[in-house]
Structures are given as C-alpha cells and as structure tokens.
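In what follows, a single structure is set out as structure tokens and then discussed.
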Amino acid sequence: MSRNRTQKRQSDQYRRQNVNRRNTSMTFTKAARQGGVLEQSVRQEEVIVMHSTIKVAVVYHSGFGHTKKQAEAVRDGAAELRGVHALLMDVTEAQQRWIDLEVCEAIIFSAPTYMGSASAEFKAFQEATSRPVLAKGFAWSGKLAASFTNSGARSGDKLSNLVQLSLFAAQHGVHWINLGLPPANNSSQGSDEERNRLGFWLGAGAQSNVDQGPDLAPTRSDLDTARFLGRRVAETAWQFARGRSISNGLDPGTISVNTLQSSFAGKDDGVAGGEAKRLLAVRMSLERFAKQPCFFQAMHMSRSMPSVVSLSLDSQGGRQMKPRINLASPNEGIEAMRAANQWAASLLDPKLVALVKVRASQINGCNFCLHMHSGEAFKHGESPTRLLLLDAWRESALFSDLERAALAWTESLTRIAETHAPDEVFEEVQRCFSQNEIIALSVAIALINAFNRLAIGARAHHPDEPQAN
C-alpha cells in the first residue's frame, strides 16, 4: 500500500513537471512570436524594452521661465531613450511627490544662478529633503544625479552653483554624472552654435540675455546641450538598472537559453521578466547570426556577454591571413591622420564618434576596425543591444534623431559613388549639427574610411584570429 502511494505521488509530481515544461515552452514560443525573437530581427528592440521602464525626474526652479525651458529640453533628451519615463516637476510640486522621486533611477536638479548661488526657492527644496529623504533612511542613496543651471552673464559664477548642487547630491549618497561634452567655441573656428559653447564639465550651463524672454533665450545650442545631458543621464540610468538586474542573478554569460526560458515563464510584467526576455533576445540573435554563412563581424560584447564574443568568420573560409604591412610602425602620414582624427573627435560626442566608426567599418567589412571601435564604444558607455542593432538603425527606436542623422550621413559618404550625398540627408544633418560639427563629422567619416582601407589592404591582424606564420 505504501509503495503504491509513493508511486502515485511520483507520478503526480512527474505529471506536474511536464505540465510546467509545456507551459514554459508555450509562454516562450508565444513571447518569441510576439516580440519577433525568432523571425523578425527588426522588432528585437520591442522585446528588449517592452516590459522594463525606468523613471528619470527633472526637478527645477525657474524665476523668469528661462531655466524652465532648459529643464524641458533636459526632460526631452531623457525621454528620447525608449523605456525611460521622464518626469518634469518644479520644486513646489516636487515637495508633494516624494514617493515619485524615491522610485526614480535618476534625479536631475536645476536652479538659476542668482548672486553666484542657487535660488532661494531651490534652497528651500534642498532643506525640505531632510525629513522625507534623509531621516527616512538615506532614501536616495545609490541613485544617479546631474545638474544644469542658467544665468544672465556668460560666466555668472555658474560653477559655484553646480558645485553646490553636486554637494547636495553627495549628502544624499547619490552618484554624480557630469556633462560629458568637450568644450566648444574655444578657438577661432568655434561658434556660439555649438553644444557646450560655455565650456562646463560638472553640469550643463546656459546663458540668457536679461532683455530677452524665454521665447528667445536660452540659445538653441544651450538647449541642445541640455538635451544631451538628459539623454546621457537616461542612458547611464538604464545601464545601472540593467547592471543591478545582472548582479541579482541574470548574468547572460552564464545563463543558458533554457534557463532564460524558465526565468520569464509566467512573468509577463516587471523588470525581472523583461530582463530575461532582453537577454534571451540578444543571446538567440547572436547565435542565429553566428550560424550564417556570410561574414559576421565580432562586436566583443564587453564583460556583460563573455560567452558570445569572437564570433568573427573569415570571409575567405577561415583561412589564416598573414599581415602585409605593420601600420603600428612610426609613420608621418599615419600620425597626421591620427591628429586630424583627434581634432574631429574633440568637437563631437565620443560615443557618437564610436558609433559612426563602427557603422562605416561594418559597411567596409573591416574586422580590425570593428574590434577597435566597438571597444571604444563600450568604454564610452554604449550598450551591446544598440551595437547589435546598429546595422538596422533605421528600423530601431533606440537611436536618437541626432544619431540617426549622423548615421545616415556616414552611410552616404561611405557609399558616395552610390548615394552622391543627397540633399535630404544633409538637411537633416544641418538641423542637428552646427557647421563646424558637420565638418568634424565629415572628417571623422572620411578618416575611418581611410583607416578601413589601410587595415584591409595591410591585412591588419585581429587579436582573436590565429596568425599565419
């Protein structure tokens, strides 16, 4: 009798396990079809972000409307990133929304600079955080923060205000994000139309003429700088959120596809389910591409994807190729090209420059340059997902208007014999960049095409390929 009960119990358990397996498989198949994991690579970004949303708040005070306009630009920049919900609130509203601020991944602070300091209204908000935030147990600790400010004079002692805002963030245990833009308008070739024309590093600065209202000031370049800061904070916040998920056990380097399928079975909502789907989408896409007979360029997915790197296939069937020329040897021509490249890069966002170089190298099929510039992209905070989708950037919602304009210009100049650099592409570039930035972007594109040809012609050795004797 006891044996029969045991057998029945084992049989029931086995039956439940099979039902769970079938449910898991059905959930996975349904999600894969809906998100296009298996057959529609164009929609991969929907799988990646459809169940994960992070919040970024912009908290500001504006005396005459100029700082509010700057704050709206920061909010718009943060909202460009899919999967980010950007909140905009003045300091009065913020003091009624402590719970909303507590669940934000990042908070961007702003106050106009009056007499070398933040406005009295913003200082009142700072002091008001003592009870609902600090006394609650360091409630903002571990979040991200940044700041921006506006003044009537070009300098206006704005740095003093930015330092105060960074100290305020530090007292709450918050990680600080700087502007991340090189200074502009610091040479005879510069202009007030360039981003970061005022030359700030700690945060974003703007200048509004005292006889102009917010309909005319701040300038477009100052608003573009603010928009850049918003997107930079949103991207960093996204990376922090993903890193936290991975540290909690969702490591794509050690989790198998079967484990990922089980991870999101029955988890249609929330960060954990969305993260599993994201990792599964990327993992399966890489595995599918690796099986293609065509030339697939390795992207070296940094430490977050250790088991899927080095998928490069030689276009000549895996034959080992012997380098022809040592491009690393001292050469005045190469050094001149590098100097021009550094000049161009100094006027542009380094992550954008890396994207441009990777895209041109994809078109030209230069695996050496792909390896080098993919690594640069990761160093500047680029995500594996966006690099994976770079070849399909037109169909992806993960790229901003500015990035799309730069990538279209990159493709037009790289394929110049086919495209002849059409007017509509240039007009979009002109809308997003100043004249000096367009020249720098064009020089960067021309140089990466030249380096691609040098590397391919010299058969530069990729570090992960066997080297012929």
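483 is the number that the numbering used here gives the last residue of the sequence shown; the numbers go up by one with no jumps.
We put the CB at the ideal spot given by N, CA and C, even for glycine.
Going by Cα to Cα distance, which pick from Ile452, Asp225 and Leu412 is closest to Leu427? Comparing Cα positions, the closest option is Ile452.
Between which residues of its own chain and Trp407 is the CB-CB distance below 6 Å, once the five residues before and five after are set aside? Closer than 6 Å at Cβ, skipping near neighbours: Phe413 and Leu421.
Counting only beta-carbon separations shorter than 8 Å, does Gly91 have a partner in chain B? No chain B appears in this structure, which consists of one protein chain only.
Confirm, please, whether the CB-CB distance from Ser222 to Asn164 is below 8 Å. Their beta carbons are under 8 Å apart, which means Asn164 touches Ser222 by this criterion.
With DSSP collapsed to three states, give me the class of Ile191. Here Ile191 sits in coil by DSSP.
Sort Ile191, Ala419, Asp206 and Thr233 by Cα distance to Gly244 and report the nearest one. Closest by alpha carbon: Ile191.
Are the CB atoms of His387 and Ser397 nearer to each other than 8 Å? Annotated as distal: His387 and Ser397, with beta-carbon spacing of 8 Å or more.
With 16 other CB atoms within 10 Å as the buried threshold, where does Ser155 fall? The residue is exposed, with fewer than 16 neighbouring Cβ atoms inside 10 Å.
Quick check: what's the CA-CA separation for Ala134 versus Glu249? Whole-angstrom Cα-Cα distance: 31 Å.
If you check the beta carbons only, do Ala125 and Phe136 fall under 8 Å apart? By the CB criterion at 8 Å, Ala125 and Phe136 fall inside the cutoff.
Report the partner residues of Phe123 according to the DSSP bridge assignment. Looking at the DSSP assignment, Phe123 forms a beta bridge with Val73 and Ser161.
Between the CA atoms of Ala469 and Ala160 - distance to the nearest angstrom: Between Ala160 and Ala469, the C-alpha separation is close to 40 Å.
Can you list, in chain order, the residues of its chain with a C-beta nearer than 7 Å to that of Arg209? Leave out the 5 residues immediately preceding and following it. Around Arg209, the same chain offers Leu195, Ala198, Ser235, Asp238, Thr239 and Phe242 as residues with beta carbons nearer than 7 Å, after the five sequence neighbours per side are excluded.
Sorted by chain position, which residues of the same chain lie with C-beta nearer than 6 Å to Ser76's C-beta, five sequence neighbours on each side aside? In its chain, beyond the 5 residues on either side, Lys82 have a beta carbon closer than 6 Å to the beta carbon of Ser76.
Which residue comes first and which comes last in the alpha helix (DSSP H) that contains His99? Element bounds for His99: not the alpha helix (DSSP H) but the beta strand (DSSP E), Val98 to Asp104.
Who are Ser426's beta bridge partners in DSSP? For Ser426, which the question treats as bridged, DSSP gives no partner whatsoever.
Quick one: complete beta strand (DSSP E) runs, 3+ long, within the stretch 377 to 465? Fully enclosed beta strand (DSSP E) runs of 3 or longer: not present.
So, using beta-carbon positions, are Ala458 and Val367 closer together than 8 Å? Cβ atoms of Ala458 and Val367: closer than 8 Å.
Check each candidate in Ala183, Val88, Leu455 and Ala100 and name the one with the smallest Cα separation from Thr67. The residue with the shortest Cα to Cα distance from Thr67 is Ala100.
For the alpha helix (DSSP H) that contains Gln178, what are its first and last residues? In the DSSP assignment, Gln178 falls within the alpha helix (DSSP H) that extends over Lys172 to Gln185.
Could you say which of Val98, Asp104 and Glu94 lies nearest to Ala85 if we only look at CA atoms? Nearest option by C-alpha distance: Asp104.
Looking only at C-alpha atoms, which of Gln253, Phe447 and Ala474 sits nearest to Asp206? Here the closest residue by C-alpha is Phe447.
Looking at the structure shown, is Ala374 part of a helix, part of a strand, or coil, going by DSSP? In the structure shown, the three-state DSSP call for Ala374 is helix.
Residue interval of the alpha helix (DSSP H) (run including Gly91): Its alpha helix (DSSP H) spans residues His80 to Ala93.
As assigned by DSSP and simplified to three states, the class of Ala138: Ala138 falls in the helix class under three-state DSSP.
At least 3 beta-carbon pairs within less than 8 Å: the stretch 108 to 128 vs the stretch 140 to 154: With a cut-off of 8 Å, the stretch 140 to 154 and the stretch 108 to 128 count as touching, because enough Cβ pairs lie within range.
List the whole-angstrom C-beta distance separating Glu119 from Ala218, where the pair is believed to meet the contact cut-off of C-beta under 8 Å. In this structure, Glu119 and Ala218 do not form a Cβ contact; the two beta carbons are roughly 19 Å apart against a cut-off of 8 Å.
With distances taken Cα to Cα, identify the nearest neighbour of Lys69 among Leu95, Leu455, Phe78 and Leu341. Answer by Cα proximity: Leu95.
Where do the N-terminal and C-terminal ends of the alpha helix (DSSP H) with Gly156 fall, by residue? Per DSSP, Gly156 belongs to no alpha helix (DSSP H) and is neither H nor E.
Backbone CA spacing between Arg473 and Pro344 [nearest angstrom]: Arg473 and Pro344 have their alpha carbons spaced roughly 18 Å apart.
Integer Cβ distance of Ala454 from Leu362, believed to fall under 8 Å: Correct: roughly 6 Å between the Cβ atoms.
Within the continuous beta strand (DSSP E) that includes Gly487, where are the two ends? A question about residue 487 goes unanswered here, because the residues of the chain that appear run from 15 up to 483.
Paired residues, beta bridge with Val131 - DSSP: Sequence check: residue 131 is Ser here, not Val. For Ser131, which the question treats as bridged, DSSP gives the partners Tyr128.
Contact check, Ile121 vs Ala71, beta carbons under 8 Å: Less than 8 Å separates the beta-carbon of Ile121 from that of Ala71.
Are the beta-carbon atoms belonging to Thr127 and Lys172 less than 8 Å from one another? Cβ distance < 8 Å, so Thr127 and Lys172 count as in contact.
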